[in-house]
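Residue numbers (the numbering used here): 20 to 348.
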C-alpha cells in the first residue's frame, strides 16, 4: 500500500482511507456482517486509515468500527468526529455543540463505543458558531495533553477559521467534501492547508457514488436513501450531472480504468498531502477504489479531465439548504 503524510510533520498513513458512514446510515439498507468483512479486507489491502463519527447511525457506526478493531487496534489509524447532536427518535434533526464541556463528554463517549484507549485523529465535525473556535480547539488540545487523542482535525471550515484554530493548537488535517463535482476547497482552503502544513482529507471523493457511473436514475436509490433529498440528484440536475459522468466514463475507457478509479486518481493527483476517504460497505467497491492508486494521470490527462468537467460544471447544491448552512464554518 502506498502511503502519504498528513502535512510535512503529520502522521504517515495509507494513501487511501475508508469512510465508514454508509455502513450504518444514509445509503439504504446495510448489513453489519458485510461491513465487518469489508473492514477486514481493508486491512488485508493495507487501507488502514478509517474514518467514522459519533453522529453516524446515529451513535452506532463507532460501535461497528469498534467491533472490527478488536485485536487489530495497532494496525489502524483511527479517525472520528464530534459536534453534531442527533436524536434517534428524529434522525433528520441536526444541532451542533462545540462547547468545551461537550468536547470532553463526546470524546469519552466515543472512546467507550470504539472500545479504545485513544483516538488517532479527532475532528470537530462542524463549527458551532455560538462558541469561539479558540475555545473548542482549546478543549480538544486538552484531550491531546491527556493522552486521549493524538492529532486534531476540523471539518468544513473556512481558511480564516482554520488559521484561528491552528494558532491555538496544530491542526493535522482538514476534512471537507472534494471531488470532480465538488471543487469548493479550491477557493482558498487547499492553499491554506498547504501553507500551514495541514493534511487535506476529502470525503465523498466519488460524489456520493455518482462519479462511479453506476447510478443511472433516481429510481436506483432505496426509498430511505438520503440522496433522494439532495439537489444534485433531483430533477434536471440529475440529467445534467449524468451527462458529465458520461464524459468521465469515456476518459476512463481511454485510460483502461473504471470511472471511479479515474475520479479518485484525479483527487490524488491534486497534491501529495491529500488523502481521500471513499466510503463503501462492499468488498468489490473497496478493491476497485484501491485500484485507483495504480492509475497515473499526467498533465495531459488532467487537462483532458478539466476540459470535460471544469469547476462549477455540476448542477445543484451538494446538500439541502439546512445542511449547507451548517457547512459554512
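Glycine included, C-beta positions come from ideal geometry on N, C-alpha and C.
Predicted model, so just to flag it, every value in this text is computed and none were measured.
Just so you know, the alpha carbons of residue 68 and residue 202 end up roughly 23 Å apart. With contact defined as three or more Cβ pairs closer than 8 Å, the stretch 303-318 and the stretch 244-264 are not in contact.
Secondary structure of residue 240 (DSSP, three-state): coil. The beta carbon of residue 247 lies closer than 7 Å to those of 237, 240 in the same chain, with the five residues before and after it left out.
The C-beta of residue 99 has 16 or more other C-beta atoms within 10 Å across all chains shown, which makes the residue buried.
Going by C-alpha positions, residue 212 is about 12 Å away from residue 195.
For residue 274, the enclosing alpha helix (DSSP H) starts and ends at 254-274. Distance between residue 198 and residue 138, taken at the CA atoms: about 27 Å. Here residue 68 is bridged, per DSSP, to 96. Note: residue 193 is bridge-paired with 173, 219 in the DSSP secondary-structure output. The three-state secondary structure of residue 168, taken from DSSP, is strand.
Proximity of the stretch 151-166 to the stretch 79-89 falls short of the contact definition, fewer than three beta-carbon pairs being nearer than 8 Å.
In this structure, residue 23 sits near residue 293, with a CB-CB distance shorter than 9 Å. Non-local beta-carbon contacts of residue 216 in its own chain, meaning distances under 7 Å to residues more than five positions away in sequence, involve 26, 27, 28 in chain order.
DSSP, read as helix, strand or coil, puts residue 142 in strand.
Non-local C-beta neighbours of residue 278 in its own chain, meaning closer than 8 Å and more than five positions away in sequence, comprise 230, 231, 232, 264, 267, 268, 271, ordered along the chain. In this structure, the alpha-carbon of residue 163 lies about 37 Å from that of residue 244. With contacts defined as CB atoms closer than 9 Å, residue 251 and residue 200 qualify as a contacting pair. According to DSSP, residue 115 shares a beta bridge with 103. Counting every other CB atom within 10 Å of its CB across the protein chains shown gives residue 102 a total of 16 or more, marking it as buried.
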